[in-house]
Amino acid sequence: MAARILVVDDALFMRMMLRNILTGAGYDVAGEGENGVQAVERYRGLRPDLVIMDMIMPDMGGIDALREILKEDPAAKVVMCSAMGQQALVVESIQAGARDFIVKPFQPAGVLEAVAKALQG
Amino acid sequence: MNGPGGGLGPLALDALREAANQGAARAATALSRMVGRPVSLAVPTVRLLDLGEASALVGGVERPAVGACVRVEGACPGRLLLLGDLATARLLLARLLGPEARGAPPLAPEEAPALRELGNLLCAHYLNALSELAGLRLLPTPPELAVDMAGAILEGFAAGGPGTERALVLESRLDPDGKGAFPLYLIHLPDPGSIQALLEALARATGVDPRDG
Chain S
1316 MAARILVVDD ALFMRMMLRN ILTGAGYDVA GEGENGVQAV ERYRGLRPDL
1366 VIMDMIMPDM GGIDALREIL KEDPAAKVVM CSAMGQQALV VESIQAGARD
1416 FIVKPFQPAG VLEAVAKALQ G
Chain D
477 MNGPGGGLGP LALDALREAA NQGAARAATA LSRMVGRPVS LAVPTVRLLD
527 LGEASALVGG VERPAVGACV RVEGACPGRL LLLGDLATAR LLLARLLGPE
577 ARGAPPLAPE EAPALRELGN LLCAHYLNAL SELAGLRLLP TPPELAVDMA
627 GAILEGFAAG GPGTERALVL ESRLDPDGKG AFPLYLIHLP DPGSIQALLE
677 ALARATGVDP RDG
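Chains S and D are the protein sequences, given in the same order.
Here the working numbering is used: position 69 in the first sequence is 1384, and no number is missing along the way.
Here the working numbering is used: position 210 in the second sequence is 686, and no number is missing along the way.
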């Protein structure tokens, strides 16, 4: 069965781009969210195999949502993505429990590599 | 940018906002390295505006303002203007550079180059992000700095090349030290036909056609 993935980004354009990349590789995009609050709610309802989440979003940012999701499910697999490629943010994400970090603008191969690695881990 | 809404629907504006945010994130990284502390820069809104109305962004046509203008060369030519209210821009500089930036007229020797560099950074990183997302070559010319009334800066910008009256306005919020953000406006005025070329390139490069939404 195809792995089920939740995509969270405040830009509809980026969600559509990620959906195309993931479904084109055979993954099931189980749901989408546009902020951290929706990420936590949809994770709770969908229990996906993986979350791909933007860091900078309105209402609740990606790092806070990551922490909330891990509080509910310590085994949750979350890959963060952001154009903010500073080392400090990457380290903060990994320390908060993210499985990987993708820097925007991303290439499909980079996204699929991070997804495969996170799902295997 | 013809037709209702300049031919740009919500998905196209969303794609351009995302490119602007990616550019802003990199500009913030560059600024953070320059000043040695975290600097935050976000682009919360993108809208189409008649150029004649843009002076309202900084308080009206007679408001003292500062603008850094670059010409965009390459696959989608046009012009970019980073516009801010002068007093706000100088307060921003004072917080960015420290107390040596005075914030009182006339411009201190270090202020003009710093404002020009800020314009250069924001314009270049916006174009870089747009270029990478759309797979296009987009190059900025060196910025020209103007300190004048907002109406005069915008008139000069409009007269600087071909284009329509409708411009894309990217509202940016720059927080130099975590103590509150200052508004700056990046105004993108593509040459006729450029925006369609850009949207076509975005559709080809990303697999998502921004003209569909």
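The C-beta atom is built at its ideal place from N, Cα and C for all residues, glycine as well.
For clarity, every value in this text was computed on a predicted model and none was experimentally measured.
| Asked | Found |
| --- | --- |
| Cross-strand partners of residue 660 of chain D (DSSP beta bridge) | D:648 |
| Environment of residue 642 of chain D [buried if 16+ CB atoms lie within 10 Å] | buried |
| 3 or more residues per run - each beta strand (DSSP E) lying fully within the region 1383-1434 of chain S | 1393-1397 and 1415-1418 |
| Residues bridged to residue 552 of chain D [DSSP beta-bridge criterion] | Its beta-bridge partners do not exist; DSSP assigns none. |
| Per-residue contacts from residue 1363 of chain S into chain D (C-beta, under 9 Å) | Simply none; closest approach about 22 Å. |
| Distance CB(residue 610 of chain D)-CB(residue 677 of chain D) smaller than 8 Å | yes |
| Straight-line Cα distance separating residue 529 of chain D from residue 563 of chain D | 20 Å |
| Between the CA atoms of residue 1378 of chain S and residue 1408 of chain S - distance to the nearest angstrom | 6 Å |
| Residues of the region 1324-1352 of chain S whose Cβ lies closer than 7 Å to any Cβ of chain D, in chain order | 1326, 1327, 1328, 1329, 1331, 1332 and 1335 |
| Cα-Cα separation between residue 566 of chain D and residue 630 of chain D, rounded to whole angstroms | 19 Å |
| Within chain D, the residues that residue 1371 of chain S reaches when beta carbons sit closer than 8 Å | 497, 501 and 518 |
| Cβ-based burial, residue 1387 of chain S [other Cβ within 10 Å; buried from 16] | exposed |
| Environment of residue 595 of chain D [buried if 16+ CB atoms lie within 10 Å] | buried |
| C-alpha distance - residue 505 of chain D paired with residue 572 of chain D, whole-angstrom precision | 14 Å |
| Min CB distance residue 1386 of chain S to chain D below 8 Å | no |
| Residue span of the beta strand (DSSP E) that contains residue 1338 of chain S, given as start and end | Note, residue 1338 of chain S: premise wrong, no beta strand (DSSP E); alpha helix (DSSP H) at 1327-1339. |
| At least 3 beta-carbon pairs within less than 8 Å: the region 620-627 of chain D vs the region 529-538 of chain D | yes |
| Extent of the continuous alpha helix (DSSP H) to which residue 519 of chain D belongs | No alpha helix (DSSP H) holds residue 519 of chain D; the beta strand (DSSP E) holding it covers 516-526. |
| Chain-ordered neighbours of residue 1408 of chain S on chain D, where CB pairs are closer than 9 Å | Within 9 Å Cβ-Cβ: nothing; residue 1408 of chain S doesn't reach chain D, min ~14 Å. |
| Limits of the unbroken beta strand (DSSP E) element including residue 1369 of chain S | 1365-1369 |
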